[in-house]
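Residue numbers (my numbering): 4 to 346. Taking it in order: structure first as structure tokens, then the write-up.
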Ligand SMILES: [Fe+2]
């Protein structure tokens with residue numbers, strides 16, 4: 004059980020969310036400026052910076068990774084309030100002693116923060132170590148699942164994009180350099196990744212990156228508010244990318260990383276085969292998911308196939324729900340946008 008009160012976190016988060024990070028975001032993202040961070044890094048560091056401030060406010064003494072330290076420095080030099088601890092005595096509560104994972108079981112979004120969990124390199128791990136890490140990972144997944152009080156782990160959005168917006172997506176695709184995208188062929192063997200609290204397996208597809216049109220859809224305040232309403236807490240845009248599937252490409256069954264709690268997917272070009280979602284496994288423990296994928300392989304039996312028509316969108320809580328895309332009959336390009344919660 005956490006020693007901090009969820010109400011204290013909620014209060015601290017509400018105060019924290021009033022800090023305007025807009026000017027710092029512009030500075031870090033500016034293509035002609037000093038930093039030139041990619042959009043996803045600006046988004047993820049901002050969220051992690053807010054979490055760090057909440058923890059500081061409630062009495063934790065975490066040292067921030069350099070990226071969060073820079074964000075804080077720019078906020079303060081831009082006239083924002085410096086981070087402070089609350090007055091515990093007059094509030095009548097004790098400073099927190101819980102670790103990051105107890106407070107944010109959905110997992111850290113910034114690599115440096117994530118690495119805090121890595122005890123040893125995977126190759127050096129013995130069975131006893133693995134069993135201990137698996138037990139920790141199981142606890143974190145359970146804690147994460149208990150945060151979700153969704154009616155459903157998926158939903159459809161009809162008329163998600165107009166024909167004109169789809170044309171703009173297709174046009175900006177032509178300007179993305181496929182060579183600069185990340186191709187995935189292979190990947191880890193099916194199993195449970197105890198460091199990321201995620202199911203992994205082999206995939207073959209390509210991440211092409213995004214252009215201004217996809218970023219605009221991703222960060223549309225009305226859409227972000229709708230995702231937040233569905234999830235029952237404030238959600239923030241993290242990453243977006245076009246995904247290219249060639250004939251025969253696939254996505255082995257997996258759950259998503261911390262930075263992708265919720266995904267929104269729509270077809271930009273071609274005919275994507277169904278996204279298979281294993282909703283019956285969405286509340287399974289880490290250990291049973293690990294055993295399930297080892298015995299069932301890349302494309303387990305069961306699941307629910309979602310076929311979304313052009314202009315429709317499928318939203319999935321992919322951090323909880325295992326999902327896969329079977330080998331494709333045809334080429335297709337998907338727009339994929341991801342969101343994560345602050346708390
Ligand atoms: Fe996924």
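Glycine included, each C-beta is placed from N, C-alpha and C at the ideal position.
*asked:* What does DSSP give as the partner residue(s) for residue 341 in the beta ladder?
replied: Mapped onto the chain shown, residue 341 falls at position 338. Bridge partners of residue 341: 266.
*Hey, would you say the C-beta of residue 326 is under 7 Å away from at least one heavy atom of ligand 1?*
In the chain shown, residue 326 corresponds to position 323, counting from 1. It does: the Cβ of residue 326 is within 7 Å (strictly closer) of some heavy atom of ligand 1.
*Please report how far the alpha carbon of residue 233 lies from the alpha carbon of residue 153, in whole angstroms.*
Looking up residue 233 in the chain shown gives position 230. Looking up residue 153 in the chain shown gives position 150. Rounded to the nearest angstrom, the two C-alpha atoms are 7 Å apart.
*Looking at residue 343 and ligand 1, is the gap between the Cβ and the nearest heavy atom below 7 Å?*
Numbered from its first residue, the chain shown carries residue 343 at position 340. Every heavy atom of ligand 1 is 7 Å or more from the Cβ of residue 343, so no.
*Counting pairs of beta carbons, one from the region 292-307 and one from the region 265-272, are three or more of them closer than 8 Å?*
no
*Are residue 314 and residue 86 closer than 8 Å when you measure CB to CB?*
As a position in the chain shown, residue 314 is number 311, starting the count at 1. As a position in the chain shown, residue 86 is number 83, starting the count at 1. Contact: no.
*If you measure from the CB of residue 259, is any heavy atom of ligand 1 nearer than 7 Å?*
Residue numbering aside, residue 259 sits at position 256 when the chain shown is read from its first letter. Under cutoff, so the answer is yes.
*Between the Cα of residue 255 and those of 303, 137 and 312, spot the shortest distance and give me the residue it belongs to.*
Here the question's residue 255 lines up with position 252 in the chain shown. Residue 303 is the option with its Cα nearest to residue 255.
*Between residue 22 and residue 83, what straight-line distance do the alpha-carbon atoms span, to the nearest angstrom?*
Counted from its first residue, the chain shown places residue 22 at position 19. Counted from its first residue, the chain shown places residue 83 at position 80. Roughly 7 Å between the two C-alpha positions.
_Just to confirm the assignment: which complete alpha helix (DSSP H) runs, minimum length 4, are found wholly within the region 26-93?_
42-60 and 69-80
_Span of the beta strand (DSSP E), counted from its first residue to its last, around residue 196_ = Along the chain shown, one-based indexing puts residue 196 at 193. Where residue 196 is concerned, the enclosing beta strand (DSSP E) stretches over 194-196.
*Top-ranked residue by Cα proximity to residue 71, from 46, 62 and 195*: Translated into positions along the chain shown, residue 71 becomes position 68. If we check each option's Cα against that of residue 71, 46 comes out closest.
_Does the structure place the region 212-219 close enough to the region 248-264 that three or more beta carbon pairs sit under 8 Å?_
no
*On a CA-only basis, which of 331, 346, 257 and 290 is nearest residue 324? Give me that one, please.*
The sequence position of residue 324 within the chain shown is 321, counting from 1. With distances taken between Cα atoms, residue 324 lies closest to 257.
*asked:* So, with DSSP's three-state summary, where would you put residue 250?
replied: Residue numbering aside, residue 250 sits at position 247 when the chain shown is read from its first letter. Correct three-state label for residue 250: coil.
*Are residue 146 and residue 108 touching if we call contact CB-CB under 8 Å?*
Position 143 of the chain shown, counted from the first residue, corresponds to residue 146. Position 105 of the chain shown, counted from the first residue, corresponds to residue 108. Closer than 8 Å, so yes.
_Outcome for residue 338 when other beta-carbon atoms lying within 10 angstroms are tallied against a minimum of 16_ = If you number the chain shown from 1, residue 338 lands on position 335. Buried is the call here.
*Distance, Cα to Cα, residue 133 vs residue 141?*
The residue labelled residue 133 in the question sits at position 130 within the chain shown. The residue labelled residue 141 in the question sits at position 138 within the chain shown. Cα-Cα distance, rounded: 12 Å.
*So, helix, strand or coil for residue 24, using DSSP?*
For the purposes of this step, residue 24 is taken as residue 21 along the chain shown, with counting starting at 1. Here residue 24 sits in coil by DSSP.
*Within this structure, are the beta carbons of residue 336 and residue 239 separated by less than 8 Å?*
The count along the chain shown starts at 1 and reaches residue 336 at position 333. The count along the chain shown starts at 1 and reaches residue 239 at position 236. No.
*Looking at the structure shown, is residue 9 part of a helix, part of a strand, or coil, going by DSSP?*
Residue 9 sits at position 6 when you count from the first residue of the chain shown. Here residue 9 sits in helix by DSSP.
*My understanding is that residue 264 touches residue 333, with C-beta atoms under 8 Å, so please give their C-beta distance in whole angstroms.*
Locating residue 264 in the chain shown gives position 261, where the first residue counts as 1. Locating residue 333 in the chain shown gives position 330, where the first residue counts as 1. In fact, because the Cβ distance is near 30 Å, the residues do not count as touching under 8 Å.
_N-terminal and C-terminal residue of the beta strand (DSSP E) that residue 160 is part of_ = Translated into positions along the chain shown, residue 160 becomes position 157. 157-160 is the span of the beta strand (DSSP E), which, as asked, contains residue 160.
*Cβ of residue 266 within 7 Å of any heavy atom in ligand 1?*
Stepping through the chain shown from its first residue, residue 266 is reached at position 263. Yes.
*Sort 137, 278 and 237 by Cα distance to residue 50 and report the nearest one.*
In the chain shown, the residue the question calls residue 50 occupies position 47. That would be 237, whose Cα lies nearest to the Cα of residue 50.
*asked:* Quick check: does the Cβ of residue 321 come within less than 7 Å of any heavy atom belonging to ligand 1?
replied: Translated into positions along the chain shown, residue 321 becomes position 318. Yes - ligand 1 has a heavy atom lying nearer than 7 Å to the Cβ of residue 321.
*Would you list the one or two residues that DSSP bridges to residue 307?*
Working through the chain shown from its first residue, we reach residue 307 at position 304. Paired residue(s): 280.
*Enumerate in chain order the residues of its own chain whose CB-to-CB distance from residue 329 is below 8 Å, with the five nearest sequence positions on each side excluded.*
Reading the chain shown from its first residue, position 326 is the one you call residue 329. Cβ neighbours of residue 329 beyond the five flanking positions: 253, 276, 277, 279 and 302.
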